[in-house]
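**Student:** The structure under discussion is supplied below as structure tokens; questions concerning it will follow.
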Amino acid sequence: MATSLLRVCPPGELLRPLAVPERLLLGPGPSNVPRRIRAAGAAQLLGHMHPEVLQVMDEIKAGIQYAFQTRNRLSLALSGSGHCAMEAALLNLLERGDTVLVAINGIWGQRAAEIARRLGANVCELLKPPGEYFTPQDIEQGLVQHKPLVLFITHGESSTGVLQPLEGLGELCHRHGCLLLVDAVASLGGAPIFMDQQEIDVLYSGSQKVLNAPPGTAPISFSERAREKLLRRKTKPPSYYLDMSCLANYWGCDGEPRRYHHTAPINSFFSLREGLALLAERVSGTGLSALWCSLLALCWGHRGRGTGTSFSVPQKARLPTITTVRVPEGYSWKDITAFLMDKHGVEIAGGLGPTAGKVGTALPCCCAHGCWAQLPAFPDPPWLSHCPEPRIASQPHTITAN
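With the UniProt record's numbering applied, the sequence shown has no gaps in its numbers, which climb one by one up to 402 at the end.
If you want it as structure tokens, here you go:
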């Protein structure tokens, strides 16, 4: 009887084996996942309150504190992507009517402003053209003019390939009674950042960039100053799932017995744990500074060499984890990225938001052979001959490769 009621047949596509092609991911993210991290994600599933899982969560907290260079007790990983962390930071810090100053020089500032508006905040924008960064003078002018409770700024703007200097911004914000919120999704592990020393109040990142884990978990940390702001809220955060007071308990950050909050992505936590472990092991004996220096050397010394392209961001402002290059006039970035994917299984990407169709973005593999030596289409300028000469663009396009 029950079978006779079925009106939808089993989908034929699900009766075939899953086919996942081999790819070399050199786009702005996700990045290639090492075998060890893949194995962790395929480990035996455990319950979300099992002591072994809680131990892994404690190890993740320690790894986040190391990667962020902080001793903040409210440090944890969200069950969601970097976008989830952006939203969690804003909805926990802001209440309806609060003023937030958003520094916008690419897509991530635009996204933060949109989220803050949906929360009912008074959003003030500090604008720079894509490819430029903010000076302390720019920031102070905005703080004096708008008197915000929170300043949002992007450390690594992946849509443009710009690295935002952070020195002095925390002290500047605190002098004006403002909290500093920093997006480090594209920069964590690849560019120097010191949460405590730079007086950053909220810092977040994602698992799928330099940490080389699958997307779906997002490290985040709140300073004591930011935590006190959460405790002074007049209203509860509009999201139960992202309420930091609940998450702090689940992650063992409040000193209270842990209570169930949500069913976490356990195996994604295993993968994130291994990504943080690899970061710690990679720099063991030399320190994060040695890793950062090697990435800067790669960024400045190897990228783009012999590709027939030019950088779209000056060296002093260049994000080590993202290379943005300008395609020679007359060529379409879409044709180039399609050629690399179709012929070589290599992913690079075009720009996002204000740089869509103008810039391409890609994530580095953290080693000199990670991109150029593995990219058979790039070592020789004649690679362009593989792409048709389409309509001439009104302005040069750029692509990015790590």
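Think of the CB as a built atom: it goes at the ideal place given N, C-alpha and C, for glycine as much as any other residue. Remember, it's a predicted structure, so these values are computed and weren't measured experimentally.
(1) Which residues bound the beta strand (DSSP E) around tyrosine 204?
(2) Using the three-state DSSP reduction, which class does cysteine 178 fall into: helix, strand or coil?
(3) Which partner residues does valine 150 have in the DSSP bridge list?
(4) Mind listing, in chain order, the continuous beta strand (DSSP E) runs of no fewer than 3 residues lying wholly within the stretch 206-272?
(5) So what does alanine 77 bridge to, in DSSP terms?
(6) Mind checking who glycine 131 pairs with in its DSSP beta bridge?
(7) Whole angstroms is fine: what's the gap from serine 158's alpha carbon to alanine 121's?
(8) Could you tell me if glutamate 347 is buried or exposed, where buried requires 16 or more neighbouring beta carbons within 10 angstroms of its beta carbon?
(9) Taking the Cβ atom as the reference point for each residue, do alanine 186 and leucine 319 lie within a distance shorter than 8 Å?
(10) Can you give the beta carbon distance from alanine 280 to glycine 63, rounded, assuming they're within the 8 Å contact cut?
(11) Use the C-beta contact count for aspartate 342: other C-beta atoms within 10 angstroms, 16 or more gives buried, fewer gives exposed.
(12) May I ask you to report which of helix, strand or coil DSSP gives glycine 170?
(13) Identify, in the order they occur along the chain, each residue of the same chain with its Cβ nearer than 7 Å to the Cβ of glutamate 140, setting aside the five sequence neighbours on each side.
(14) Measure the CB-CB distance between isoleucine 60 and leucine 340 and report whether it falls below 8 Å.
(15) Among residues of its own chain, excluding the 5 on either side of alanine 40, which ones have a beta-carbon nearer than 8 Å to its beta-carbon?
(16) Taking leucine 203 as the reference, give the member of Leu211, Leu181, His174 with the closest Cα.
(17) According to DSSP, simplified to helix, strand and coil, what is glycine 189?
(18) CB-CB under 7 Å to glutamate 256, same chain, minus the five flanking residues each way: which ones, in chain order?
(19) For the alpha helix (DSSP H) that phenylalanine 118 lies in, which residues bound it at each end?
(20) Counting only the same chain and skipping the five closest in sequence on each side, list residues whose C-beta sits under 8 Å from that of valine 20.
(21) Using the three-state DSSP reduction, which class does arginine 326 fall into: helix, strand or coil?
(22) For lysine 128, I'd like the list of residues in its chain whose CB is within less than 8 Å of its CB, leaving aside the five on either flank, ordered along the chain.
(23) Short of 6 Å in beta carbon distance, which residues of its chain neighbour glycine 27, apart from the five on each side in sequence? Order them along the chain.
(24) Tell me the residue span of the alpha helix (DSSP H) that contains histidine 344.
(25) How big is the Cα-Cα spacing for lysine 147 and glutamine 197?
(26) Looking only at C-alpha atoms, which of Arg258, Pro219, Thr323 sits nearest to serine 75?
(27) Just verifying my parser: in three-state terms, what is the DSSP assignment at asparagine 122?
(28) Within the continuous alpha helix (DSSP H) that includes alanine 316, where are the two ends?
(29) If we ignore side chains and look at the alpha-carbon of each, how far apart do aspartate 243 and proline 10 end up?
(30) Could you check the C-alpha separation between threonine 235 and serine 205 for me, to the nearest Å?
(31) Just verifying my parser: in three-state terms, what is the DSSP assignment at glutamate 199?
(32) Over the uninterrupted alpha helix (DSSP H) stretch that includes arginine 35, give me the two end residues.
(33) Between valine 150 and leucine 179, how many whole angstroms is the CB-CB distance? I'm expecting something under 8 Å.
(34) Looking at the secondary structure, which residues open and close the alpha helix (DSSP H) in which leucine 54 lies?
(35) Find the nearest neighbour of arginine 67 within the set Gly330, Arg282, Pro136, judged by alpha-carbon distance.
(36) The alpha helix (DSSP H) spanning asparagine 92 covers which residue range?
**Tutor:** Considering the structure as presented:
(1) First-last of the beta strand (DSSP E) with tyrosine 204: 202-204.
(2) If DSSP states are grouped into helix, strand and coil, cysteine 178 belongs with coil.
(3) Answer is Val100, Leu179, bridged to valine 150.
(4) Taking only runs of at least 3 residues, the beta strand (DSSP E) segments lying wholly in the stretch 206-272 are 218-222.
(5) DSSP output for alanine 77 lists Pro219 as bridge partner(s).
(6) Beta-bridge pairing links glycine 131 to no other residue.
(7) Rounded to the nearest angstrom, the two C-alpha atoms are 25 Å apart.
(8) It is buried - the Cβ of glutamate 347 has at least 16 other Cβ atoms within 10 Å.
(9) Yes, the Cβ-Cβ distance between alanine 186 and leucine 319 is below 8 Å.
(10) Taking the Cβ atoms as the reference, alanine 280 lies roughly 7 Å from glycine 63, within the contact range of under 8 Å.
(11) With fewer than 16 other Cβ atoms within 10 Å, it is exposed.
(12) For glycine 170, the three-state secondary structure derived from DSSP is helix.
(13) Non-local beta-carbon contacts of glutamate 140 in its own chain, meaning distances under 7 Å to residues more than five positions away in sequence, involve Leu172 in chain order.
(14) Taking 8 Å as the Cβ cut-off, isoleucine 60 and leucine 340 do not qualify as a contacting pair.
(15) When the five nearest sequence neighbours on each side are left out, the beta carbons in the same chain lying within less than 8 Å of the beta carbon of alanine 40 are those of Asn267, Phe270, Ser271, Arg273, Glu274, in order along the chain.
(16) Of Leu211, Leu181, His174, the residue nearest in Cα terms is Leu181.
(17) Under the three-state reduction of DSSP output, glycine 189 falls in the coil class, being neither helix nor strand.
(18) Hits under 7 Å: Asn249.
(19) Here residue 118 is arginine; the residue named in the question, phenylalanine, does not match the sequence. Element bounds for arginine 118: 107-118.
(20) Taking C-beta separations shorter than 8 Å and ignoring five residues to either side along the sequence, valine 20 has no partners in its chain.
(21) Strand, per DSSP.
(22) Spatial neighbours of lysine 128 in its own chain (CB-CB distance under 8 Å, excluding positions within 5 residues in sequence) are listed in chain order as Ala103, Ile104, Asn105, Phe134, Asp138.
(23) Closer than 6 Å at Cβ, skipping near neighbours: Glu347, Ile348, Ala349, Ala362.
(24) 333-344 is the span of the alpha helix (DSSP H), which, as asked, contains histidine 344.
(25) Roughly 24 Å between the two C-alpha positions.
(26) If we check each option's Cα against that of serine 75, Pro219 comes out closest.
(27) Reduced to three states, the DSSP call for asparagine 122 is strand.
(28) For the record, residue 316 in the displayed sequence is lysine; it is not alanine. Following the DSSP letters along the chain, one finds lysine 316 in no alpha helix (DSSP H), marked with neither H nor E.
(29) One C-alpha to the other measures close to 40 Å.
(30) Straight-line Cα distance between these residues: approximately 26 Å.
(31) Looking at glutamate 199 - three-state DSSP - the assignment turns out to be coil, as it is neither helix nor strand.
(32) Note, arginine 35: alpha helix (DSSP H), 35-41.
(33) Contact holds; Cβ gap of about 5 Å.
(34) Looking at the DSSP string, the run of the alpha helix (DSSP H) that includes leucine 54 is 51-68.
(35) Checking the sequence, you will find alanine at residue 67 rather than arginine. Answer by Cα proximity: Arg282.
(36) It spans 82-93 - the alpha helix (DSSP H) in which asparagine 92 sits, taken as one unbroken run.
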